[in-house]
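Have a look at the structure below before the remarks.
Protein chains in written order, with the working numbering: chain A, 1 to 321; chain B, 322 to 642.
What follows is the structure, given as structure tokens:
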């Protein structure tokens, strides 16, 4: 990952990675230090949480979520993991194995939910039944169960592994449509409100190349494969677009995201508050919703009555998120 | 430009152009009608000007500026042309020929300025002397002289041929940096203020493919070649990026620009007003400026004292605008 013969900026030892956006190369130890500092800076700058808080980290078995869990535990935060079995064929089976192995080896607490076992459906079936793109049903299911697990377990904040590449790509998508409500909510921290837990993204200052390097150096085994349904979606296309811009002009990706947070997000604060509105409790599960039944309970109702749909039938029906 | 055998949406005659963003094909006459309607809509929606106003149209000899001048004259507006000889080698010589021929053939009034003859410098020399990118010195010179010509001639508004591709590319550049002051000023109309004339962009709803088709159908001879200094600048790269997005998702380019104007620009209105500030008159030329001498007079002072620099020496020193 580094040019042959290049040296660490901090200690002049042989470098293992070059980071054009920092205009520097780093050895393994100083790459870890850079990651730790960027994460601490995000936690501090955006007032995410303290060491007294109980955190629930959504983990998928991929590099980002395992990296953030590892970083938080290493730094002394109280962080449990949360995993949802989505029923996306071999992909889900493998992702669960990686997560459980990570937790077991470190003696960490892992909260798990399985869509098929616990709610009688899976993502391919939900996608087929709702005729919506699979990424939409998947995102909604994960958010709902994550929020619920945080409430049920009395956690102070939930944490996701969204990195700079993810956030910049979502931002590009929102900007291309100028969806003000979405833009106003695209923050590294969303405060608790209306029964939803506080949501934090400590990796927003790290690229996926950096989180991959973290895992490599720390010996974290993660699922490299991307979700087979998401492959080719717009989110990945936006990532490619930003990577091309970054290659032409290093650090443009972080400028795009961080300048948005610094310069624009404050101007949109009112728009977010205005959009929040009043919510009531879902009649079935008690979750906050604008309807009688929340979107998750409606999805469960429809999907659990349907016979299971094999993942192969929904490949290529990718969504934009 | 159209698929063989395709038919005009309006009259079913053979089509000469297909426009995926409108999901339609058009014959020559109905393509002209579409252009006229989009221009009238921009003029009306953004309250640009009326037929009582005297307009000064900046023309470069390229398709967009000649198209907008032609459209305005055809629609009955009082529109004179304004051309600046920039001294960019053969490119400038040819561009001047196209502009003068267009005006002569139609009996239109053309106001001209020549940087070398009238101010003792040219763009290659200015770029060399100021050590700034040539596009920066060029843009500043053109804006200054355009504003001055409008004041001197008592025009009610100045008009440029910026099209949807131009505006979307500038918007992308501004968004990537989240430069709020630039974003707040990126409007299809800037009202007159502090001695600056009202500025209007009637082509913001038309792509460059559409303005090229207008010229082709109307028999307007224009300079196809782009400025040799600007070739490869970031602006063109942003255009390519948006063209890729447009190809993947037709009408995303117009959504990006027009949703910005509709959804975001109103939220930025205060930022623009705040940035306007108070100006005084340039001691030398009387133009509004924040300094004693305006940027143009400072440029003239430096550049006119320097021996002329051939254009070849500044090729590849492109800028971002």
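The beta-carbon is built from N, C-alpha and C at its ideal position, and this holds for glycine as well.
Small disclaimer: the values here were computed from a predicted structure and weren't measured.
query = Where does residue 13/A land, buried or exposed, given buried means 16+ other C-beta within 10 angstroms?
reply = By the 10 Å Cβ count, residue 13/A comes out exposed.
Residue 20/A at chain B interface by Cβ criterion, 8 Å = Output row for residue 20/A: interface = no.
task = Helix, strand or coil for residue 330/B, going by three-state DSSP, please let me know.
result = In the structure shown, residue 330/B adopts coil according to DSSP, grouped into three states.
query = With 16 other CB atoms within 10 Å as the buried threshold, where does residue 219/A fall?
reply = exposed
ask   = Under three-state DSSP, which class holds residue 133/A?
value = coil
query = Going by beta carbon distance, what residues of the same chain come within less than 6 Å of residue 410/B, once the five residues before and after it are set aside?
reply = Setting aside the 5 residues that flank it on each side, residue 410/B is surrounded in the same chain by 632, each with a C-beta closer than 6 Å to its C-beta; the list follows chain order.
query = From 38/A, 30/A, 41/A and 46/A, pick the residue whose C-alpha is nearest to that of residue 198/A; which is it?
reply = 46/A
ask   = Is the CB-CB distance between residue 526/B and residue 363/B below 8 Å?
value = yes
inquiry  = For residue 83/A, report the span of its alpha helix (DSSP H) as first-last.
reply    = Counting along the chain, residue 83/A falls outside any alpha helix (DSSP H), though it belongs to the beta strand (DSSP E) covering 78–85.
request  = Consider the Cβ of residue 137/A: report whether some Cβ of chain B lies at a distance smaller than 8 Å.
outcome  = no
message = 8 Å is my cut-off, CB to CB: does residue 588/B come that close to chain A?
response = For residue 588/B, the nearest beta carbon of chain A is closer than 8 Å to its own beta carbon.
message = Buried or exposed, going by whether 16 or more other CB atoms sit within 10 Å of the CB of residue 8/A?
response = buried
request  = Consider the Cβ of residue 355/A: report whether some Cβ of chain B lies at a distance smaller than 8 Å.
outcome  = In the structure as shown, chain A starts at 1 and stops at 321, and residue 355/A therefore has no counterpart that could be examined.
key: Segment limits, alpha helix (DSSP H) that includes residue 394/B   = 384–395
query = What's the call for residue 344/B, buried or exposed, on a 16-neighbour Cβ count within 10 Å?
reply = exposed
query = Is the beta carbon of residue 253/A less than 8 Å from the beta carbon of residue 192/A?
reply = Contact: no.
ask   = Since residue 443/B contacts residue 408/B with CB under 8 Å, what's their CB separation in whole angstroms?
value = 3 Å
message = In the DSSP output, what is residue 17/A paired with across the bridge?
response = 26/A
key: Rounded C-alpha distance that separates residue 394/A from residue 61/A   = Nothing can be reported for residue 394/A, as the shown portion of chain A is limited to 1 through 321.
query = Tell me, which residues are paired with residue 147/A by DSSP?
reply = Note: residue 147/A sits in no beta bridge, so no partner.
key: Rounded Cβ spacing between residue 287/A and residue 144/A (contact assumed at less than 8 Å)   = Beta-carbon to beta-carbon, residue 287/A and residue 144/A are separated by about 7 Å, close enough to satisfy the 8 Å threshold.
task = In angstroms with no decimal places, state the Cα-to-Cα distance between residue 93/A and residue 68/A.
result = 22 Å
inquiry  = Considering only the alpha carbon of each residue, which of 140/A, 99/A and 302/A lies closest to residue 112/A?
reply    = 99/A
ask   = In or out: residue 397/B buried (at least 16 other Cβ within 10 Å) or exposed?
value = exposed
ask   = Taking all protein chains shown into account, do 16 or more other C-beta atoms lie within 10 angstroms of the C-beta of residue 128/A, making it buried, or fewer, making it exposed?
value = With 16 or more other Cβ atoms within 10 Å, it is buried.
message = Tell me the rounded alpha-carbon separation between residue 717/B and residue 582/B.
response = It is not possible to answer for residue 717/B, since the shown part of chain B is limited to 322 through 642.
task = Pick helix, strand or coil for residue 478/B, following the three-state DSSP scheme.
result = strand
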